[in-house]
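**Q** Before I ask anything, let me first share the structure, which is written out below as structure tokens.
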Amino acid sequence: MLPNTQQQIQLASRPKGTPVKDDFRFADVKVEEPKEGEVLLQTVYLSVDPYMRGRMSDAKSYVEPFKLDEALHGGGVAKVVKSKSAAFNEGDYIVGMLPWQEYSVASEKAVRKIDPQVAPVSTHLGILGMPGLTAYFGLLDIGQPKENETVVVSGAAGAVGSAVGQIAKIKGARVVGIAGSDEKISYLKDELGFDEAINYKTAGDIREALEKACPDGIDVYFENVGGEIGDAAISLLNKFGRVPVCGAISAYNKQGEDTGPRVQGQLIKTSALMKGFTVGDYASRYKEAAADLGKWVSEGKLKYEETVTEGFDNILDAFLGLFEGKNMGKQLVKVAEDK
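Residue 23 in full-length UniProt numbering is what sits at position 23 of the sequence shown, and the numbering runs on without skipping anything.
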């Protein structure tokens, strides 16, 4: 028996600096009925991601900001509980952009069916979803690692960074990861096969630590964090180095402009390429990436980790924990059972 009402998480105010729980509110909303061509979904997993912080600001960006007093939304996996679509049956699993609530109605064109027999449904929000695709295209299209080159990855124990490092190893590169705890360092080296890993919180001078870990310089630096780590890595680029810029989480909660060394001279001196991107730039090639990622996962060449927070009421804790580096791999919130 479906409930008549449910809770929804809304953006109550635009955060100043690091978000706090008072920037959000839980609101009671109706469980809607699907119309022709629509499905009623029960949310199973919700993804929380650092990019969502940018959408909480009303500054111009590559994606529309969240609206005040309306539901936040992001990637999610759900089960079809009512269908008025010929494309979906009750019990089907889908992936799509879902509001932060337990039940939602979606157009048949807005969601994609997934097969729970091929891989756990949660992987479509991680290694087989946006993070995996981001790692694949950013590294292979922009970074273009060659055998025996040195690839450095910041945010290396996160969902994107851990995939980047492993794909670089598949391509024959030497990989150095940067992360923020001894547990993560052990995971990168012992579980994922990184050649070296640096705990930036205990390393002291990060440039010196990188110089020691990369005696032949850096050919590819995959940027996830920005700040002093990015400055140090860019200063060690080799001739024709490449820098895919995926994220800059160190600056997401800063008020005012993020300042640091100017990179133009370094890029000229090394004839290096530094290019920002979002995964949406590669939408026409998703099938290509999904095939390779799925193959590597099935062959055991590409491992993944998930940090799963249980319960709808704990979504905000999971989201805010991203900015403290609490997660290993992909951070998910389990809202309902997936069986």
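Ideal Cβ positions, reconstructed from N, Cα and C, are used throughout, including at glycine.
Every value quoted in this text rests on a predicted model; they were computed, and no experiment measured them.
Determine whether the beta carbon atoms of Q42 and F312 lie at a separation below 9 Å.
**A** Indexing the sequence shown from 1 puts residue 42 at position 42. Indexing the sequence shown from 1 puts residue 312 at position 312. Not a contact, by the Cβ cut-off of 9 Å.
**Q** If distances are taken between C-alpha atoms only, which option among A168, E102, K212, E305 comes closest to F222?
**A** Residue 222 sits at position 222 when you count from the first residue of the sequence shown. Comparing Cα-Cα distances from F222 to each of A168, E102, K212, E305, the minimum goes to A168.
**Q** Helix, strand or coil: how does DSSP classify P131 here?
**A** Locating residue 131 in the sequence shown gives position 131, counting from the first residue. Residue state, collapsed to three classes: helix.
**Q** V243 bridges to which residues according to DSSP?
**A** Taking the first residue of the sequence shown as position 1, residue 243 is located at position 243. Paired residues: M274.
**Q** Pick helix, strand or coil for T259, following the three-state DSSP scheme.
**A** To locate residue 259, count along the sequence shown from 1; it is residue 259. Note: T259 maps to coil in three-state DSSP.
**Q** Between the Cα of F88 and those of Y103, I114, L68, G74, spot the shortest distance and give me the residue it belongs to.
**A** Taking the first residue of the sequence shown as 1, we reach residue 88 at position 88. It is I114 whose Cα lies nearest to the Cα of F88.
**Q** Fully enclosed by the segment 72-156, which beta strand (DSSP E) runs are 3 residues long or longer?
**A** Qualifying beta strand (DSSP E) stretches, in chain order: 73-83, 93-99, 103-107, 111-114, 150-153.
**Q** How many angstroms separate the CA atom of residue 342 from the CA atom of G76?
**A** Given a span of 1 to 339 for the chain in the structure shown, any question on residue 342 remains unanswerable.
**Q** Please say whether L273 and P50 have beta carbons closer to each other than 9 Å?
**A** In the sequence shown, the residue the question calls residue 50 occupies position 50. In the sequence shown, the residue the question calls residue 273 occupies position 273. Cβ atoms of P50 and L273: not closer than 9 Å.
**Q** Alpha carbons only, please: which of A318, E228, K334 is nearest the one belonging to P19?
**A** By 1-based counting over the sequence shown, the position of residue 19 is 19. Selected option, being the one with the closest Cα: A318.
**Q** Output the distance between the C-alpha atoms of A233 and R55, rounded to the nearest integer angstrom.
**A** The sequence position of residue 233 within the sequence shown is 233, counting from 1. The sequence position of residue 55 within the sequence shown is 55, counting from 1. Near 28 Å, if we compare the C-alpha coordinates of R55 and A233.
**Q** Between A290 and L128, what straight-line distance do the alpha-carbon atoms span, to the nearest angstrom?
**A** Within the sequence shown, the letter at position 290 stands for residue 290. Within the sequence shown, the letter at position 128 stands for residue 128. If I take the Cα positions, the gap works out to 6 Å.
**Q** Pick helix, strand or coil for Y221, following the three-state DSSP scheme.
**A** By 1-based counting over the sequence shown, the position of residue 221 is 221. Note: Y221 maps to strand in three-state DSSP.
**Q** Can you tell me which of D92, R285, R53 puts its alpha carbon nearest to the alpha carbon of V44?
**A** Position 44 of the sequence shown, counting from 1, holds the residue named residue 44. Nearest of D92, R285, R53 to V44, Cα basis: D92.
**Q** Kindly give me the distance between the Cβ atoms of T270 and G230, rounded to whole angstroms, as I take these residues to be in contact under 8 Å.
**A** Taking the first residue of the sequence shown as position 1, residue 270 is located at position 270. Taking the first residue of the sequence shown as position 1, residue 230 is located at position 230. Going by Cβ atoms, the distance from T270 to G230 rounds to 15 Å, so no, they are not a contact pair.
**Q** Give the DSSP-derived three-state secondary structure of V20 in the structure shown.
**A** Within the sequence shown, the letter at position 20 stands for residue 20. Three-state DSSP puts V20 in coil, outside helix and strand.
**Q** Does the segment 115-125 come within contact of the segment 142-156, defined as at least 3 CB pairs closer than 8 Å?
**A** No, because fewer than three Cβ pairs between the segment 115-125 and the segment 142-156 fall closer than 8 Å, the two stretches do not touch.
**Q** Closest to G193 by C-alpha separation, out of S284, L302, G265, would be which residue?
**A** Taking the first residue of the sequence shown as 1, we reach residue 193 at position 193. When each option's Cα is compared against that of G193, the closest is L302.
**Q** I'd like to know if the segment 153-168 and the segment 210-227 are in contact, where contact means that at least 3 CB-CB pairs between them fall below 8 Å.
**A** Yes, they touch.
**Q** V29 and Q101 - do their beta-carbons sit closer together than 9 Å?
**A** Counted from its first residue, the sequence shown places residue 101 at position 101. Counted from its first residue, the sequence shown places residue 29 at position 29. Yes; because the gap between Cβ atoms is below 9 Å, this pair is in contact.
**Q** Would you kindly work out how many angstroms separate the C-alpha atoms of V31 and S57, rounded to a whole number?
**A** Start at 1 with the first residue of the sequence shown, and residue 31 comes out as number 31. Start at 1 with the first residue of the sequence shown, and residue 57 comes out as number 57. Looking at the two C-alpha atoms, the distance is approximately 28 Å.
**Q** DSSP three-state label for D281, please.
**A** If you number the sequence shown from 1, residue 281 lands on position 281. In this structure, D281 counts as helix in the three-state DSSP scheme.
**Q** Just mark M97 as buried or exposed, buried being the case when its beta carbon has 16 or more other beta carbons within 10 Å.
**A** Position 97 of the sequence shown, counted from the start, is the residue given in the question as residue 97. By the neighbour-count rule (16 or more Cβ atoms within 10 Å), M97 is not buried but exposed.
**Q** Is it buried or exposed, N4, if we count other Cβ atoms within 10 angstroms and call 16 or more buried?
**A** Here the question's residue 4 lines up with position 4 in the sequence shown. Answer is exposed; the Cβ neighbour count stays below 16.
**Q** If you scan the segment 154-184 from start to end, which runs of the beta strand (DSSP E) of 3 or more residues do you find wholly inside it?
**A** Complete beta strand (DSSP E) runs here, min 3: 174-179.
**Q** Shortest alpha-carbon distance to A197 belongs to which of K84, A173, Y187?
**A** As a position in the sequence shown, residue 197 is number 197, starting the count at 1. The candidate whose alpha carbon is nearest that of A197 is Y187.
**Q** Secondary structure at N4, three-state DSSP: helix, strand or coil?
**A** By one-based count along the sequence shown, residue 4 stands at place 4. If DSSP states are grouped into helix, strand and coil, N4 belongs with coil.
**Q** Can you tell me whether DSSP reads V297 as helix, strand or coil?
**A** Within the sequence shown, numbered from 1, the residue matching residue 297 stands at position 297. In the structure shown, V297 sits in a helix (DSSP, three-state: H, G or I).
**Q** Got a sec? Which residues, its chain only, sit under 7 Å from P131 by beta carbon, not counting five neighbours each side?
**A** As a position in the sequence shown, residue 131 is number 131, starting the count at 1. Excluding sequence neighbours, P131 sits near A159, V160, A163, K330.
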